[in-house]
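A.B. asks: This structure is in structure tokens; I'll ask about it shortly.
2 protein chains.
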Amino acid sequence: MTEQGYFTESSSADVVVSRNAAAKDARLAQVMEVITRHLHAAVKEIEPSTEEWLAAIRFLTATGHTCTDWRQEFILLSDVLGVSMLVDAINNRKPSGASESTVLGPFHVADAPELPLGSDICLDQKGDPMTVRGRILGTGGAPIAGAKVDVWQANDEGFYDVQQKGIQPDFNLRGVFRTNAAGEYWFRGVKPKFYPIPDDGPVGRLLNALGRHPYRPAHLHYIISAPGYEPLVTHIFDPDDPYINSDAVFGVKASLMAKFQPTVTEAGTTYAVEHDFVLAPAK
Amino acid sequence: MTEQGYFTESSSADVVVSRNAAAKDARLAQVMEVITRHLHAAVKEIEPSTEEWLAAIRFLTATGHTCTDWRQEFILLSDVLGVSMLVDAINNRKPSGASESTVLGPFHVADAPELPLGSDICLDQKGDPMTVRGRILGTGGAPIAGAKVDVWQANDEGFYDVQQKGIQPDFNLRGVFRTNAAGEYWFRGVKPKFYPIPDDGPVGRLLNALGRHPYRPAHLHYIISAPGYEPLVTHIFDPDDPYINSDAVFGVKASLMAKFQPTVTEAGTTYAVEHDFVLAPAK
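Those protein sequence lines, which keep their order, are chains G and S. If you read the first sequence in our numbering, its first letter stands for residue 1, the second for the next number, and so on. If you read the second sequence in our numbering, its first letter stands for residue 1, the second for the next number, and so on.
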């Protein structure tokens, strides 16, 4: 190696990348080259003091120490920096006319019960009743019969059943439905509410220092699948939610708005939601 | 917020950065903007699959879980990606003619004993004896009398005393010296050897996958300080070391080479090293 080959402020990224010439995996070498070049460019733009660099090391360490079997603070960090949504967008580019995806989130349960169309997934009668209906269509507009519609939602206080085991009934506000011959689905639930992401750890403290709130606007989760089509992981959102324009994890898309139409009676308020989804053909 | 304000693949970084408008600290907002833009640019270049994104999450989590009170795996990650050296370079730009800095490393001890010039810092008589001498000068070439020269080194097997408590004597291979009226320092030690950074964790596995070894070439550590001058944190390196062109943490600079001159006798081999340092004036 010549004198030029040693690390200097200007050669830094080239020198680090050149060390990966014998990498065992070409994809890993490519990924690490991109990461190294952007990391060095960011450091050169920021010009961190030694104390600031150490603060970054401490933040990453605290984020790692917050991760347990039941809490993933690095995924939360990815979420609040928009990285999770960007990875979702890259992996779910849809043809024109197909419904858009959004993040899966941590609260999906694989073995929710399959229920008859029209069932009420709210098992504890809490909150304002809501009916949800719509159609599952192909990009050509034809209804898809027998499509699997897996739905889940937080309750009227913003909690999922798995966050309140022993308080909510098991499988509360979850269900799997199959569309009828006209491609229609319908079920009953409760009006969802906005809720905070876990904000008592390093990521919550970062949000606070950045003047950001931790809330996600009210939404319903869907995974929709049918033979011959790309599965769709998405939400629908309440456009009247106070946090609709500032989802802490950037999950909102304009095409995913669904009006939660209220009906006020002496007995209380009920809501009706109607939303069709268009599936892209399988690749 | 208009429809254009929602997160899309093309607007992603702008949307995330716009959320920091109410940040409590302008520097934090600036740092997070640079990090967010480079992070999103890197994700767009890499186009990670969901599985690759999850592998990155798992790597960061394992790195965090490897950090303890006595091991800092995120600093190690920063080291092997050249980030520590880049931060060092940015914070220690020297005027022409002044000696260059390199990383402090994790093995400095604050309270090493001050010793008379010529003392042997090797307390257990292991390894090949070495004499080290040189001068501490200002950028104008004038010797600096009374400069503090804090030195430490690994032993002939590549271990520092703090890594082998109970095996090596306390304060083995450490000492603080003061230059004489001619700006000279000299002491005795042992010929140092290359050694690996901790490679049994996530960072070691990454190096292995990248086809990189974990070794640092043989070196001596210095912190040199004197009133009216910038303190200098640096090493000198053995140019004949097998790893001199591939230091795992990128600490080598051409100006920090110091010939370890051998003398072979019937009693064994001894080494002589001579290296002057030039301190920059205090800012």
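Ideal placement from N, C-alpha and C gives every residue a C-beta, glycine not left out.
Please look up how many angstroms separate the CB atoms of M130(S) and V103(S), rounded, as I've assumed it's under 8 angstroms.
C.D. replies: In the second sequence, the residue the question calls residue 130(S) occupies position 130. In the second sequence, the residue the question calls residue 103(S) occupies position 103. Between V103(S) and M130(S) the Cβ distance is about 22 angstroms, and since that is not below 8 angstroms, they are no contact.
A.B. asks: My guess is that I75(G) and I90(S) are in contact by the Cβ rule of under 8 angstroms, so how many angstroms apart are they, rounded?
C.D. replies: Working through the first sequence from its first residue, we reach residue 75(G) at position 75. Working through the second sequence from its first residue, we reach residue 90(S) at position 90. Not quite, the Cβ-Cβ distance comes to about 31 angstroms (not below 8 angstroms), so this is no contact.
A.B. asks: Please go through the same chain and pick out, in chain order, the residues whose beta-carbon is closer than 6 angstroms to the beta-carbon of Y185(S), but skip the five residues on each side of it.
C.D. replies: In the second sequence, the residue the question calls residue 185(S) occupies position 185. Result list for Y185(S): V149, F177, T179, in chain order.
A.B. asks: Step through the CB atoms of chain G and report whether any lies within less than 7 angstroms of the CB of Y6(S).
C.D. replies: Locating residue 6(S) in the second sequence gives position 6, where the first residue counts as 1. Yes - at least one Cβ of chain G is within 7 angstroms of the one on Y6(S).
A.B. asks: Considering only the alpha carbon of each residue, which of V162(G), L220(G), L81(G), E9(G) lies closest to T234(G)?
C.D. replies: By 1-based counting over the first sequence, the position of residue 234(G) is 234. Of the listed residues, the one whose Cα sits closest to T234(G) is L220(G).
A.B. asks: Which residues, in order along the segment 13-26 of chain G, keep a beta-carbon less than 8 angstroms from a beta-carbon of chain S?
C.D. replies: Listed by position, the residues of the segment 13-26 of chain G near chain S (Cβ gap below 8 angstroms) are A13, V15, V16, R19, N20, A21, A22, A23, K24, D25.
A.B. asks: Kindly list the residues whose CB is nearer than 7 angstroms to the CB of E73(G), restricted to its own chain and excluding five residues on each side of it in sequence; keep chain order.
C.D. replies: The count along the first sequence starts at 1 and reaches residue 73(G) at position 73. Closer than 7 angstroms at the Cβ level, and outside the excluded window around E73(G), lie T63, T66, C67, G201, P202, V203.
A.B. asks: Can you grab the Cα-Cα spacing for the pair W231(S) / K283(S), in whole Å?
C.D. replies: Counting from 1 along the second sequence, the entry for residue 231(S) is found at position 231. Counting from 1 along the second sequence, the entry for residue 283(S) is found at position 283. The sequence shown places Pro at residue 231(S), rather than the Trp named in the question. Taking the straight line from one Cα to the other gives about 11 angstroms.
A.B. asks: Would the beta-carbon of I224(G) fall within 7 angstroms of that of L256(G)?
C.D. replies: One-based indexing of the first sequence puts residue 224(G) at position 224. One-based indexing of the first sequence puts residue 256(G) at position 256. Their beta carbons are not under 7 angstroms apart, which means I224(G) does not touch L256(G) by this criterion.
A.B. asks: Leaving out five residues before and five after D199(G) in sequence, what residues of the same chain have Cβ atoms less than 7 angstroms from its Cβ?
C.D. replies: Indexing the first sequence from 1 puts residue 199(G) at position 199. The residues are L207, P214.
A.B. asks: Is there a Cβ of chain S sitting closer than 7 angstroms to that of I57(G), yes or no?
C.D. replies: By 1-based counting over the first sequence, the position of residue 57(G) is 57. By this cut-off, I57(G) is an interface position.
A.B. asks: Please list the partners that V42(G) has in chain S, where partner means a Cβ-to-Cβ separation under 7 angstroms.
C.D. replies: As a first step, residue 42(G) is located in the first sequence; it is residue number 42 there, counting from the start. Note on residue identity: the sequence assigns Ala, not Val, to residue 42(G). Those are V34, I35, H38, listed as they occur along chain S.
A.B. asks: Taking Cβ-Cβ distances shorter than 8 angstroms, what residues in chain S pair up with L220(G)?
C.D. replies: For this step, residue 220(G) is matched to residue 220 along the first sequence. In chain order: nothing, as chain S lies at least about 18 angstroms away.
A.B. asks: If the criterion is Cβ atoms closer than 7 angstroms, does the pair H38(G) and H40(S) meet it?
C.D. replies: Stepping through the first sequence from its first residue, residue 38(G) is reached at position 38. Stepping through the second sequence from its first residue, residue 40(S) is reached at position 40. No, the pair does not count as a contact, with Cβ atoms beyond the cut-off.
A.B. asks: Taking 7 angstroms as the threshold (beta carbon to beta carbon), is K253(S) in contact with chain G?
C.D. replies: The residue labelled residue 253(S) in the question sits at position 253 within the second sequence. So, interface residue.
A.B. asks: Could you tell me which chain S residues have their CB closer than 7 angstroms to the CB of F250(G), listed as they occur along the chain?
C.D. replies: Within the first sequence, the letter at position 250 stands for residue 250(G). Here the neighbours are F7, V15, V16.
A.B. asks: If you measure beta-carbon to beta-carbon, which residues of the segment 205-219 of chain G are closer than 7 angstroms to chain S?
C.D. replies: From the segment 205-219 of chain G, only A209, L210, G211, R212 have a Cβ closer than 7 angstroms to chain S.
A.B. asks: Assuming N92(G) and S78(G) make a contact with CB atoms under 8 angstroms, what is their CB distance in whole Å?
C.D. replies: Indexing the first sequence from 1 puts residue 92(G) at position 92. Indexing the first sequence from 1 puts residue 78(G) at position 78. That pair is no contact at about 16 angstroms.
A.B. asks: Can you check whether the CB of T139(S) is closer than 7 angstroms to the CB of G97(S)?
C.D. replies: The sequence position of residue 97(S) within the second sequence is 97, counting from 1. The sequence position of residue 139(S) within the second sequence is 139, counting from 1. Against a cut-off of 7 angstroms, the Cβ pair of T139(S) and G97(S) comes out as a contact.
A.B. asks: Could you give the residue range of the alpha helix (DSSP H) that holds K148(S)?
C.D. replies: The residue given as residue 148(S) occupies position 148 in the second sequence. Segment 148-153 is the beta strand (DSSP E) holding K148(S); no alpha helix (DSSP H) there.
A.B. asks: If we ignore side chains and look at the alpha-carbon of each, how far apart do P48(S) and F194(S) end up?
C.D. replies: Here residue 48(S) refers to the residue found at position 48 when the second sequence is read from its first residue. Here residue 194(S) refers to the residue found at position 194 when the second sequence is read from its first residue. Taking the straight line joining both Cα atoms gives about 37 angstroms.
A.B. asks: Taking Cβ to Cβ, would you say G175(G) is nearer than 7 angstroms to V190(G)?
C.D. replies: Taking the first sequence and counting its residues from 1, one reaches residue 175(G) at position 175. Taking the first sequence and counting its residues from 1, one reaches residue 190(G) at position 190. No, they are not a contact pair.
A.B. asks: For the putative contact between D156(G) and G127(G), defined by C-beta atoms under 8 angstroms, what is the C-beta separation to the nearest angstrom?
C.D. replies: As a first step, residue 156(G) is located in the first sequence; it is residue number 156 there, counting from the start. As a first step, residue 127(G) is located in the first sequence; it is residue number 127 there, counting from the start. Confirmed, about 3 angstroms.
A.B. asks: Name the residue from E45(S), K44(S), Q30(S) whose alpha carbon lies nearest to the alpha carbon of I289(G).
C.D. replies: The structure shown does not extend to residue 289(G), since chain G is modelled only from 1 to 283, so the question has no answer here.
A.B. asks: Report the option in A280(G), Y222(G), S11(G), K259(G) whose CA atom is closest to the CA atom of F107(G).
C.D. replies: The sequence position of residue 107(G) within the first sequence is 107, counting from 1. The residue with the shortest Cα to Cα distance from F107(G) is Y222(G).
A.B. asks: H65(G) touches chain S at which residues, Cβ-Cβ below 8 angstroms?
C.D. replies: As a first step, residue 65(G) is located in the first sequence; it is residue number 65 there, counting from the start. Those within 8 angstroms of H65(G) in chain S are G64, H65, C67.
A.B. asks: What residues in its chain sit with their C-beta under 8 angstroms from that of F59(G), if we drop five residues either side in the sequence?
C.D. replies: Counted from its first residue, the first sequence places residue 59(G) at position 59. P202, L206.
A.B. asks: According to DSSP, is Q125(G) helix, strand or coil?
C.D. replies: Indexing the first sequence from 1 puts residue 125(G) at position 125. Three-state DSSP puts Q125(G) in coil, outside helix and strand.
A.B. asks: In terms of residues, what are the limits of the beta strand (DSSP E) holding F277(S)?
C.D. replies: Here residue 277(S) is taken as the residue at index 277 of the second sequence, counted from 1. Looking at the DSSP string, the run of the beta strand (DSSP E) that includes F277(S) is 277-279.
A.B. asks: For D247(G), which of A22(G), K259(G), P217(G) has the nearest alpha-carbon?
C.D. replies: Here residue 247(G) refers to the residue found at position 247 of the first sequence. D247(G) has its Cα closest to that of P217(G), out of A22(G), K259(G), P217(G).
A.B. asks: For chain G, find out if any of its Cβ atoms is closer than 7 angstroms to the Cβ of L104(S); answer yes or no.
C.D. replies: The residue you call residue 104(S) lines up with position 104 of the second sequence. Taking Cβ atoms only, chain G never reaches closer than 7 angstroms to L104(S), which makes this a no.
A.B. asks: By the three-class DSSP mapping on this structure, what secondary structure does Q261(G) have?
C.D. replies: As a working mapping, residue 261(G) is identified with position 261 in the first sequence. In the structure shown, Q261(G) sits in a strand (DSSP, three-state: E or B).
A.B. asks: At 3 residues or longer, and completely inside the segment 206-243 of chain G: list those beta strand (DSSP E) runs for me, N to C.
C.D. replies: Within the segment 206-243 of chain G, the complete beta strand (DSSP E) runs of at least 3 residues are 219-225, 232-237.
A.B. asks: At the 7 angstroms Cβ level, is I144(G) part of the contact set with chain S, yes or no?
C.D. replies: For the purposes of this step, residue 144(G) is identified with residue 144 of the first sequence, where counting begins at 1. Chain S, which has no Cβ nearer than 7 angstroms to the Cβ of I144(G), makes this no.
A.B. asks: If you reduce the DSSP assignment to three classes, tell me which class Q168(S) lands in.
C.D. replies: For this step, residue 168(S) is matched to residue 168 along the second sequence. Strand, per DSSP.
A.B. asks: Among the candidates D69(S), A42(S), A22(S), whose CA atom is the shortest distance from the CA of T36(G)?
C.D. replies: On the first sequence, residue 36(G) is found 36 positions in, with the first residue counted as 1. Looking at the Cα atoms, A42(S) is the closest of the given residues.
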